[in-house]
Amino acid sequence: MRRWPVIAGYGGALLVLAGCALIHPRDEGPLAPSSRSAHYQQLSRVAQAAIDRRDYEAARAYLEQLASESPRSAEVHHRLGRVFQLQGRLVEAEAAYRRALEIEPEYVRALIGLGEVEAELGRPGSALKRFEEAIEIDPHEPDAHLAEGRVLEVLGRPNEALACYFRGLERDPIAAPVILRIATLQLARNEPEQALARLDQVIGLTPDDPEAHHQRGLAHLALKHPAQAVDDLRFAAQRLPRRPEVFFHLALALDADHKAGLAIEAAARALQLAPHDAAARALAQRLPR
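Be aware that the sequence shown starts at 0, since it is given in numbering that gives the first Met the number 0, and climbs by one per residue.
Below, the structure is given as structure tokens:
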């Protein structure tokens, strides 16, 4: 079965995976007069509360109000760009990030956000320049190394991507998204033992991450640990119900664990989600009835 592009969608799952800390307000220095400051802080808090509960439309409305009242706040435009990005409204996200950078050209998180959006819009060369600029400004920002590595992966440059991830890990040794990308590349390089050790670390840090369980299931499958693979892949399938490759891999694990009936069900689900995939069809036909 072909590999589905699980690393290219910066606007959704990967942003959530990287943590909503990316869009928490930052300290911008001295506050305005007390009444205005209190109003600003209240709007900022309710916007963040909406983001935390993933009510992005409400967050957008609050942040747009903040932007109208504080049009020279780079932080507000950055947060608005993140919300647009999480909504998949990439053109609006790009415009918001550009406004933030017009106000503050060395705003590292806005540079990263703009690069992510440019990558999604099919401009990877421009995206890489943004990340390089962000790293030049702040080489200790792990998210810049992570974002650069993801684009290099999409461009088919895994060795360069891996180097980016290791640089990010030097800056933040417990950055779960970075460790996950390293482990995923190690699996692709047929290094399941090393990948498994890293995936255990990721799941220790973020136990509910379905992609980490998916990848750990693949590591267990490669190491011929079918029962452990089934446990991880079931967890992933329950939380990633629209990902055909997860069900395909679950079917392989169930078959290896001598659970033919359940393997047939998982293979059928993979084929239902990807009816034109040759590997899914071949597996569904191969499993005994």
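Ideal Cβ positions, reconstructed from N, Cα and C, are used throughout, including at glycine.
Residue i versus residue j: straight-line alpha-carbon distance, rounded
i, j, result
"residue 38", "residue 46", "12 Å"
"residue 203", "residue 180", "16 Å"
"residue 286", "residue 165", "40 Å"
"residue 66", "residue 143", "25 Å"
"residue 113", "residue 146", "11 Å"
"residue 244", "residue 252", "12 Å"
"residue 102", "residue 71", "6 Å"
"residue 117", "residue 84", "11 Å"
"residue 277", "residue 127", "34 Å"
"residue 275", "residue 64", "47 Å"
"residue 191", "residue 213", "13 Å"
"residue 196", "residue 205", "14 Å"
"residue 122", "residue 288", "47 Å"
"residue 62", "residue 222", "49 Å"
"residue 124", "residue 189", "29 Å"
"residue 231", "residue 153", "26 Å"
"residue 41", "residue 115", "29 Å"
"residue 135", "residue 220", "40 Å"
"residue 53", "residue 129", "27 Å"
"residue 44", "residue 263", "49 Å"
"residue 224", "residue 104", "51 Å"
"residue 207", "residue 155", "29 Å"
Own chain residues within Cβ distance below 6 Å of residue i, not counting five before or after
i, result
"residue 185", "193, 194"
"residue 49", "57, 58"
"residue 201", "175, 178, 179, 211"
"residue 273", "243, 279"
"residue 86", "55"
First and last residue of the uninterrupted alpha helix (DSSP H) at residue i
i, result
"residue 273", "Here residue 273 belongs to no alpha helix (DSSP H), and DSSP marks it neither H nor E."
"residue 84", "73 to 85"
"residue 291", "Any answer about residue 291 is impossible in this case: the structure gives the chain only from 0 up to 288."
"residue 161", "157 to 170"
"residue 154", "Careful: residue 154 lies outside any alpha helix (DSSP H) and carries neither H nor E."
"residue 226", "225 to 238"
"residue 195", "191 to 204"
"residue 173", "Premise fails: residue 173 is in no alpha helix (DSSP H) and is neither H nor E."
"residue 215", "209 to 221"
"residue 127", "123 to 136"
"residue 69", "First-last for residue 69: undefined, no H or E at that position."
"residue 254", "243 to 255"
"residue 101", "89 to 102"
Beta-carbon proximity of residue i to residue j, cut-off 8 Å
i, j, result
"residue 109", "residue 148", "no"
"residue 218", "residue 198", "yes"
"residue 235", "residue 250", "no"
"residue 92", "residue 77", "no"
"residue 159", "residue 151", "yes"
"residue 248", "residue 216", "yes"
"residue 241", "residue 209", "no"
"residue 55", "residue 82", "yes"
"residue 157", "residue 187", "yes"
"residue 95", "residue 111", "no"
Expected contact under 8 Å - CB spacing of residue i and residue j to nearest Å
i, j, result
"residue 106", "residue 73", "5 Å"
"residue 270", "residue 283", "5 Å"
Proximal residues to residue i (C-beta, below 8 Å), its chain only, five neighbours per side dropped
i, result
"residue 261", "253"
"residue 294", "Residue 294 lies beyond the residue range present for the chain, which begins at 0 and ends at 288; the question has no answer from this structure."
"residue 229", "216, 249, 252, 253, 256, 258"
"residue 141", "167, 168, 170, 171, 174, 177"
"residue 281", "none"
"residue 246", "236, 265, 266, 268, 269, 272"
"residue 97", "113"
"residue 131", "147"
"residue 161", "148, 181, 184"
Chain-order list of residues whose beta-carbon lies under 7 Å from that of residue i (same chain, five-residue window excluded)
i, result
"residue 183", "214"
"residue 4", "Note that residue 4 has pLDDT 40, beneath the 50 cutoff, so the model's placement of it is unreliable and the number below is only indicative. Hits under 7 Å: none found."
"residue 163", "144, 147, 148, 151"
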